[in-house]
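Engineer: If you scroll down you'll find the structure; I have some questions about it.
2 protein chains.
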Amino acid sequence: MTAKDRRIMALSLALAERKVIHLKEAAALMQVSEMTVRRDVAENPDLFGTLGAHIIPAGRPDLEAPYAIDRAAESHSVAKRQASIHALRYLQPDETVFIDCGSTLTHLVDLIPADTRLTVVCYAFNTAERMITKENITLILLGGVFHPTSASFAGASGADTLNALGINVAFLSASGVDRQRGVSCEQFHEVPIKRKAMEMAQRRYLVCDQSKIGRVRPAHFADVSDFDAIITEAGELPSDA
Amino acid sequence: MTAKDRRIMALSLALAERKVIHLKEAAALMQVSEMTVRRDVAENPDLFGTLGAHIIPAGRPDLEAPYAIDRAAESHSVAKRQASIHALRYLQPDETVFIDCGSTLTHLVDLIPADTRLTVVCYAFNTAERMITKENITLILLGGVFHPTSASFAGASGADTLNALGINVAFLSASGVDRQRGVSCEQFHEVPIKRKAMEMAQRRYLVCDQSKIGRVRPAHFADVSDFDAIITEAGELPSDA
DNA sequence: CGCTTACTGTTATTTTTATAACATTACTGG
DNA sequence: CCAGTAATGTTATAAAAATAACAGTAAGCG
Numbered sequence: 001m002t003a004k005d006r007r008i009m010a011l012s013l014a015l016a017e018r019k020v021i022h023l024k025e026a027a028a029l030m031q032v033s034e035m036t037v038r039r040d041v042a043e044n045p046d047l048f049g050t051l052g053a054h055i056i057p058a059g060r061p062d063l064e065a066p067y068a069i070d071r072a073a074e075s076h077s078v079a080k081r082q083a084s085i086h087a088l089r090y091l092q093p094d095e096t097v098f099i100d101c102g103s104t105l106t107h108l109v110d111l112i113p114a115d116t117r118l119t120v121v122c123y124a125f126n127t128a129e130r131m132i133t134k135e136n137i138t139l140i141l142l143g144g145v146f147h148p149t150s151a152s153f154a155g156a157s158g159a160d161t162l163n164a165l166g167i168n169v170a171f172l173s174a175s176g177v178d179r180q181r182g183v184s185c186e187q188f189h190e191v192p193i194k195r196k197a198m199e200m201a202q203r204r205y206l207v208c209d210q211s212k213i214g215r216v217r218p219a220h221f222a223d224v225s226d227f228d229a230i231i232t233e234a235g236e237l238p239s240d241a
Numbered sequence: 242m243t244a245k246d247r248r249i250m251a252l253s254l255a256l257a258e259r260k261v262i263h264l265k266e267a268a269a270l271m272q273v274s275e276m277t278v279r280r281d282v283a284e285n286p287d288l289f290g291t292l293g294a295h296i297i298p299a300g301r302p303d304l305e306a307p308y309a310i311d312r313a314a315e316s317h318s319v320a321k322r323q324a325s326i327h328a329l330r331y332l333q334p335d336e337t338v339f340i341d342c343g344s345t346l347t348h349l350v351d352l353i354p355a356d357t358r359l360t361v362v363c364y365a366f367n368t369a370e371r372m373i374t375k376e377n378i379t380l381i382l383l384g385g386v387f388h389p390t391s392a393s394f395a396g397a398s399g400a401d402t403l404n405a406l407g408i409n410v411a412f413l414s415a416s417g418v419d420r421q422r423g424v425s426c427e428q429f430h431e432v433p434i435k436r437k438a439m440e441m442a443q444r445r446y447l448v449c450d451q452s453k454i455g456r457v458r459p460a461h462f463a464d465v466s467d468f469d470a471i472i473t474e475a476g477e478l479p480s481d482a
């Protein structure tokens, strides 16, 4: 193994532990010039990426994607976050909370104050990811096969695990809400978990932006009347809307 | 809501979707000067962090920790990675693989080539995290309560799920390996899963660095003879070592 | 209205980072 | 041992980013 290989390995290693390392630091660490580290990094784009003078592990597609200016508007991010802000009012400290998958509720997770003690049950990767850094949250993840489309896990054991849990509040998401045809989502594999979570919870809230109202999506999982409230960016939806 | 609040919200929003946004881009996006964005970011250290001119979401403790020069040596990273390189030889494409928790095997995951088709079963967050970006891997995560010490999930449903799986190879980790007193780890909650995974698998490999040899840790989970091989940085350990 | 205060922008200056060119050292195969 | 090549370091220069100081602008309030 050449000195170069050793360096590259050392760098990968350091990056595996930290997520970032500064160019200058890396150079000092392996006792070579910054220029050499720069060249090492540039020669291994499959291993390393950079953010300014900071070296980061490669393969973070999110870091590379360009940002369409109105992508936020398109996906109703503002409305989703606003809805989550309203939903936050229904979250009591020290309770056990179910949080559904979907981008809307990741906002809710982001908005949970750091000092709020909670037990949170979820089955989406991006939800879990945001939770593990929060010290006051006990996280329960329902496992299963990973579905990339919704970044969530699905499997029989998820529903089983729910059976053994006492859930105070469930926050559900949906991509279609129709007074007659009920509440629906895109993925069928989410249905059993959503249903079971709703069944187990004392209180059930549907959180979504208003663009979902009137839409019908393939996987039906509940009726509008099954929820204690429907929360959108405008606050709680009147029950006769 | 003041214009400033709106900006800060917009920035959080953008960061929720992308993980990074460049200062210049952010300024353009909200039509203010870079200086204003800088000030917004600086005033909300609980919301935003920065890496050079790139704005990132706050609360990434890993990005802030200082790097002890010989922390890598202390934790035997090089040996661990080397052991994982050897272990890689026992991984066959198209098989179903169980991967234990622990830092050693995160190296193994990093080393899996992008084009290798696999079904991987795991129960550690950091293992799962590295897998979800790999397109050719079907991921099955065993859920349960999250244990921060080992970044893993534990619960009855994990072992249940394993029961329904056909596993070809299991890669186990350990923090103690003693010919007489067996193989052990730090956390008791890992034991049921480790045992069940070993029971279900056709082949069982223990992957650890040699510093673990001769050590005994609190939670015993197997005997040395239960493994088809023990793989360290020196390769396969002779069965009479 | 006029005053104060908070926000924002501009500019100048310093520091850091990026790039390129060239010099030096180390390694390779005859 | 001696090309010849790859690897590394050094330096110069250009570009980008960080900081500070000041100027203008908008908002709040008696």
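Keeping their order, the protein sequence lines are chains Y and C. Read in the working numbering, the first sequence has 139 at position 139, and its numbers run on one by one without any break. When you read off a place in the second sequence, starting at 1, and then add 241, the result is the number in the working numbering. Note that the Cβ used here is the ideal one computed from N, Cα and C, for glycine as well.
#1: Mapping DSSP to helix, strand and coil, what is ASN163 (chain Y)?
#2: Name the chain C residues that come within less than 9 Å of GLY214 (chain Y), Cβ to Cβ?
#3: Can you tell which of C:PRO298, C:CYS426 and C:THR291 has its C-alpha closest to the C-alpha of SER344 (chain C)?
#4: At what residues does the alpha helix (DSSP H) containing GLN82 (chain Y) begin and finish?
#5: Run through chain Y and tell me which residues come within less than 7 Å of VAL416 (chain C), C-beta to C-beta.
#6: Buried or exposed: which applies to LYS375 (chain C), given that a residue is buried once 16 or more other Cβ atoms fall within 10 Å of its Cβ?
#7: In the DSSP assignment, find the alpha helix (DSSP H) that holds PRO389 (chain C) and state where it starts and stops.
#8: Using three-state DSSP, classify ALA309 (chain C) as helix, strand or coil.
#9: In angstroms with no decimal places, state the Cα-to-Cα distance between GLU474 (chain C) and GLN92 (chain Y).
#10: Closest by CA to ASP450 (chain C), which one among C:PRO354, C:ALA328, C:VAL273 and C:GLY396?
#11: How would you call PRO307 (chain C), buried or exposed, if buried means at least 16 neighbouring beta carbons within 10 angstroms?
#12: So LEU292 (chain C) is in the beta strand (DSSP E); what residue range does that whole segment cover?
#13: Express the C-alpha separation of GLU129 (chain Y) and ASP228 (chain Y) in angstroms, rounding to a whole number.
#14: Straight-line CA distance for GLU34 (chain Y) to LEU162 (chain Y)?
#15: Is the stretch 109-126 of chain Y touching the stretch 154-169 of chain Y, taking contact as three or more C-beta pairs under 8 Å?
#16: From the DSSP output, read off the bridge partner residues of ARG420 (chain C).
#17: Could you tell me if GLY385 (chain C) is buried or exposed, where buried requires 16 or more neighbouring beta carbons within 10 angstroms of its beta carbon?
#18: Which term fits ASN367 (chain C), buried or exposed, when burial requires 16 or more other beta carbons within 10 angstroms of its beta carbon?
#19: Buried or exposed for GLU305 (chain C), please, with buried defined as at least 16 other CB atoms from any protein chain shown within 10 angstroms of its CB.
#20: Taking the Cβ atom as the reference point for each residue, do LEU383 (chain C) and PHE394 (chain C) lie within a distance shorter than 8 Å?
#21: Mind reading off the beta-carbon distance from ALA365 (chain C) to ALA392 (chain C)? Whole number of angstroms is fine, and I expect it under 8 Å.
#22: Kindly indicate if chain Y contains any beta-carbon less than 8 Å away from that of HIS295 (chain C).
#23: Could you check where the beta strand (DSSP E) with ALA475 (chain C) kicks off and where it finishes?
#24: Please report the Cβ distance between LEU270 (chain C) and ILE296 (chain C), rounded to the nearest whole angstrom; I am assuming they are in contact, meaning their Cβ atoms lie under 8 Å.
#25: For LEU478 (chain C) and ARG444 (chain C), I'd like the C-alpha separation in whole angstroms.
#26: Establish whether the CB of ILE230 (chain Y) and some CB of chain C are separated by less than 8 Å.
#27: Short of 7 Å in beta carbon distance, which residues of its chain neighbour ALA174 (chain Y), apart from the five on each side in sequence? Order them along the chain.
Structural biologist: A quick look at the data gives this:
#1: helix
#2: Residues of chain C passing the Cβ test: none, with the nearest at roughly 25 Å.
#3: C:CYS426
#4: 77-87
#5: Here the sequence assigns Ser to residue 416 (chain C), which means Val is not the residue at that position. Neighbours of SER416 (chain C) on chain Y: none; closest Cβ ~17 Å, over 7 Å.
#6: buried
#7: Note, PRO389 (chain C): premise wrong, no alpha helix (DSSP H); not H, not E.
#8: Low confidence applies to ALA309 (chain C): its pLDDT is 43, below 50, so where it sits in the model is not reliable, and the reading given next is rough at best. Here ALA309 (chain C) sits in coil by DSSP.
#9: 50 Å
#10: C:ALA328
#11: Caution is warranted here: a pLDDT of 45 is assigned to PRO307 (chain C), below 50, making its placement in the model unreliable, and the coordinate value is therefore given only provisionally. Exposed: under 16 other Cβ atoms inside 10 Å.
#12: 289-292
#13: 28 Å
#14: 53 Å
#15: yes
#16: According to DSSP, ARG420 (chain C) bridges with nothing at all.
#17: buried
#18: buried
#19: Interpretation of GLU305 (chain C) is limited by its pLDDT of 48, a score under 50 that renders its predicted location unreliable; no figure is taken from the coordinates.
#20: yes
#21: 5 Å
#22: yes
#23: Run containing ALA475 (chain C): none; DSSP gives neither H nor E here.
#24: LEU270 (chain C) to ILE296 (chain C), Cβ: 11 Å. No contact.
#25: 16 Å
#26: no
#27: VAL183, SER184, CYS185, LEU206, CYS208 and LYS212
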